[in-house]
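K.L.:
In our numbering, the protein residues as written are 3 to 440.
First the structure, which I've put down as structure tokens, then a few questions once you've had a look.
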């Protein structure tokens, strides 16, 4: 099925008449923070689907130009500040805006789970990596619209990106975009007067570089040919029963996220057929805004990672509650003190002296480990261009074995969809135990 590209251009910010561009701390650039520098260097992509009558291209483009006047970082480029340090250049170059059409119905091309066909619904992830935002509007014969949105992870985390998307919809509808973004500025994340590095950041956020860092998880490696992305739908009732089982005898029940992740961790471990003595580890992001007393409007990356770890024997030989408790305890350790310890370490010069590299690198295979991107609390479904919320949204096709995405179901009843990349030969085993209540 051919996707015909009609146009490709840059949409620049549209400022109100007589208004100057929003002032930026430090001049016409935003210095990358210590958190921006340890995140993934990749384009993240999501796909939205809107039913007919879909919003007009002109309205969506006008709204984009308006919101970029507030979110100038998404209209800029990755580059360097005058002193040579990495920065976001606020040059108003614009966001890449592609128009396309398909002589087919949306249902023929946009399946219920990510497949390679989805890559045709957004701009190339391997294009100009200095461009922060690239998006594609694809119209279908049935009148539906797919919006493929990609952004460079170095510029913003999921929390910040979801704020932008909601503001984009509001701008398109002619409404105020809400509270403006709060950007990083030099000195915001300063080390303490008496720095205290209390945790082993050398082996968590950093590592010594290796040749394996050149691998990436967008499907170019040969391993991706044997990976399929399975969509598991967990109903509200199933989640409630699972939480009840995991939380038996516990005063405060585990959260929905802790319970689902514990269940998937055990399910993947069982489907992989790992040896009992092997160790499995989860990498999951922890938002630092509340932990450091910063507003929800902080725009950039402000996450570190928790690393729940357990042996296969414990994961499969002990009840669900054990896995949920391991996750709960590890996330609790990544508190405000942990974030401040990281700032002290990242600002100490040790990273440069020792040649350390960020541990957040993309790979095709994570086995025996797992990584999770949870979008359960992000308001992605609030993107409304004036014709209503999308019928669904999902991550694009990222065939990285073991990299889970958790999203609220489009049904809107509290159910959850999990997108789970697994090896083809492990798929049937995963499906057999995915809904087992044990």
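No residue lacks a Cβ here, since even glycine has one placed at the ideal position from N, Cα and C.
Considering only the beta carbon of each residue, do residue 144 and residue 269 sit closer than 9 Å?
P.N.:
By 1-based counting over the chain shown, the position of residue 144 is 142. By 1-based counting over the chain shown, the position of residue 269 is 267. Cβ atoms of residue 144 and residue 269: not closer than 9 Å.
K.L.:
Below 7 Å CB to CB, which residues in the same chain sit around residue 347 once its five sequence neighbours on both sides are set aside?
P.N.:
As a first step, residue 347 is located in the chain shown; it is residue number 345 there, counting from the start. For residue 347, where only same-chain residues beyond five positions count, the Cβ hits under 7 Å are 199, 203.
K.L.:
Consult DSSP for residue 170 and reduce its assignment to one of helix, strand or coil.
P.N.:
Along the chain shown, read from residue 1 onward, the residue named residue 170 stands at position 168. If DSSP states are grouped into helix, strand and coil, residue 170 belongs with the helices.
K.L.:
Report the start-end ranges of each beta strand (DSSP E) in the stretch 19–99 that is 3 residues or longer and not cut off at the edges.
P.N.:
Whole beta strand (DSSP E) segments, 3+ residues: 31–33, 45–52, 79–82, 88–91.
K.L.:
Report the residue ranges of all alpha helix (DSSP H) runs contained in full by the stretch 215–282; include only those spanning at least 4 residues, in chain order.
P.N.:
For the stretch 215–282, whole alpha helix (DSSP H) runs of length 4 or above, ordered along the chain, are 238–248, 258–274.
K.L.:
Please state the DSSP three-state secondary structure of residue 331.
P.N.:
For the purposes of this step, residue 331 is taken as residue 329 along the chain shown, with counting starting at 1. Three-state DSSP puts residue 331 in a helix.
K.L.:
Express the C-alpha separation of residue 379 and residue 415 in angstroms, rounding to a whole number.
P.N.:
As a first step, residue 415 is located in the chain shown; it is residue number 413 there, counting from the start. As a first step, residue 379 is located in the chain shown; it is residue number 377 there, counting from the start. Distance between the alpha carbons of residue 415 and residue 379: 14 Å.
K.L.:
Mind checking whether residue 40 and residue 360 have CB atoms under 9 Å apart?
P.N.:
On the chain shown, residue 40 is found 38 positions in, with the first residue counted as 1. On the chain shown, residue 360 is found 358 positions in, with the first residue counted as 1. Yes, they are a contact pair.
K.L.:
Taking the beta carbon of residue 166 as the centre, do at least 16 other beta carbons fall within 10 Å, making it buried, or is it exposed?
P.N.:
The residue given as residue 166 occupies position 164 in the chain shown. With 16 or more other Cβ atoms within 10 Å, it is buried.
K.L.:
Determine the direct distance from the alpha carbon of residue 297 to that of residue 422, and round the result to whole angstroms.
P.N.:
Taking the first residue of the chain shown as 1, we reach residue 422 at position 420. Taking the first residue of the chain shown as 1, we reach residue 297 at position 295. Those two C-alpha atoms are separated by around 32 Å.
K.L.:
Just to check my reading of the structure: residue 188 and residue 75 have Cβ atoms closer than 8 Å, yes? What is that Cβ distance to the nearest angstrom?
P.N.:
Locating residue 188 in the chain shown gives position 186, where the first residue counts as 1. Locating residue 75 in the chain shown gives position 73, where the first residue counts as 1. Incorrect: roughly 15 Å between the Cβ atoms, too far for contact.
K.L.:
Alpha carbon to alpha carbon, how far is residue 247 from residue 326?
P.N.:
Locating residue 247 in the chain shown gives position 245, counting from the first residue. Locating residue 326 in the chain shown gives position 324, counting from the first residue. Approximately 11 Å, taken between the alpha carbons.
K.L.:
If you check the beta carbons only, do residue 272 and residue 89 fall under 9 Å apart?
P.N.:
For the purposes of this step, residue 272 is identified with residue 270 of the chain shown, where counting begins at 1. For the purposes of this step, residue 89 is identified with residue 87 of the chain shown, where counting begins at 1. No.
K.L.:
Starting from residue 355, follow the alpha helix (DSSP H) in both directions and report where the run begins and ends.
P.N.:
Position 353 of the chain shown, counting from 1, holds the residue named residue 355. Element bounds for residue 355: 352–356.
K.L.:
Which stretch, first to last residue, makes up the beta strand (DSSP E) that contains residue 10?
P.N.:
Taking the first residue of the chain shown as 1, we reach residue 10 at position 8. Residues 5–13.
K.L.:
Are there 16 or more other CB atoms within 10 angstroms of the CB of residue 427, so buried, or fewer, so exposed?
P.N.:
In the chain shown, residue 427 corresponds to position 425, counting from 1. Exposed.
K.L.:
Given this structure, state the Cα-to-Cα distance separating residue 150 from residue 250, to the nearest angstrom.
P.N.:
Within the chain shown, the letter at position 148 stands for residue 150. Within the chain shown, the letter at position 248 stands for residue 250. About 42 Å.
K.L.:
Could you name each continuous beta strand (DSSP E) segment of 3 residues or more that falls completely within the stretch 137–167, going from the start of the chain to the end?
P.N.:
Here the runs fully enclosed are 147–154.
K.L.:
For residue 128 and residue 99, I'd like the C-alpha separation in whole angstroms.
P.N.:
Mapped onto the chain shown, residue 128 falls at position 126. Mapped onto the chain shown, residue 99 falls at position 97. Answer to the nearest angstrom: the Cα atoms are 16 Å apart.
K.L.:
In the DSSP assignment, what are the bridge partners of residue 208?
P.N.:
Along the chain shown, one-based indexing puts residue 208 at 206. Partner(s): 360.
K.L.:
Just mark residue 132 as buried or exposed, buried being the case when its beta carbon has 16 or more other beta carbons within 10 Å.
P.N.:
Start at 1 with the first residue of the chain shown, and residue 132 comes out as number 130. Classification for residue 132: exposed.
K.L.:
Could you check if residue 439 is buried or exposed, using at least 16 other CB atoms within 10 Å of its CB as the buried criterion?
P.N.:
Position 437 of the chain shown, counting from 1, holds the residue named residue 439. By the 10 Å Cβ count, residue 439 comes out exposed.
K.L.:
Grab the span of the alpha helix (DSSP H) containing residue 316 for me, first residue to last.
P.N.:
As a first step, residue 316 must be located in the chain shown, where it is residue number 314. 314–319 is the span of the alpha helix (DSSP H), which, as asked, contains residue 316.
K.L.:
Return yes when the Cβ of residue 278 is within less than 9 Å of the Cβ of residue 314, no when it is not.
P.N.:
Sequence index remark: in the chain shown, residue 314 carries index 312 (1-based). Sequence index remark: in the chain shown, residue 278 carries index 276 (1-based). Going by C-beta atoms, residue 314 is nearer than 9 Å to residue 278.
K.L.:
Which partner residues of residue 300 appear in the DSSP bridge assignment?
P.N.:
Taking the first residue of the chain shown as 1, we reach residue 300 at position 298. According to DSSP, residue 300 bridges with 184.
K.L.:
If you compare alpha carbons, which of 371, 209, 31 is closest to residue 276?
P.N.:
Position 274 of the chain shown, counting from 1, holds the residue named residue 276. The option with the nearest alpha carbon to residue 276 is 371.
K.L.:
Contact criterion: CB-CB distance below 9 Å. Does residue 430 meet it with respect to chain B?
P.N.:
Of the chains in the structure shown, none is chain B; there is only one protein chain.
K.L.:
On the premise that residue 116 lies in contact with residue 405, defined as a C-beta separation below 8 Å, what is that separation, rounded to the nearest angstrom?
P.N.:
As a working mapping, residue 405 is identified with position 403 in the chain shown. As a working mapping, residue 116 is identified with position 114 in the chain shown. Their Cβ separation, rounded to whole angstroms, is 11 Å, which puts residue 405 and residue 116 out of contact at 8 Å.
K.L.:
Under the rule that 16 or more other beta-carbon atoms within 10 Å means buried, what is residue 458, buried or exposed?
P.N.:
Examination of residue 458 is not possible in this model, given that the chain is present from 3 through 440 alone.
K.L.:
Taking DSSP as the reference, what is the three-state secondary structure of residue 372?
P.N.:
Residue mapping note: residue 372 aligns to position 370 of the chain shown, counting from 1. Residue 372: strand per DSSP, three-state reduction.
K.L.:
When we look at the beta-carbon of residue 413 and count the other beta-carbons within 10 Å, is it buried (16 or more) or exposed?
P.N.:
In the chain shown, residue 413 corresponds to position 411, counting from 1. Result: exposed.
K.L.:
For a quick check, are the C-beta atoms of residue 184 and residue 301 less than 9 Å apart?
P.N.:
Residue mapping note: residue 184 aligns to position 182 of the chain shown, counting from 1. Residue mapping note: residue 301 aligns to position 299 of the chain shown, counting from 1. Yes, they are a contact pair.
K.L.:
What is the DSSP secondary structure of residue 406, reduced to helix, strand or coil?
P.N.:
The count along the chain shown starts at 1 and reaches residue 406 at position 404. Strand.
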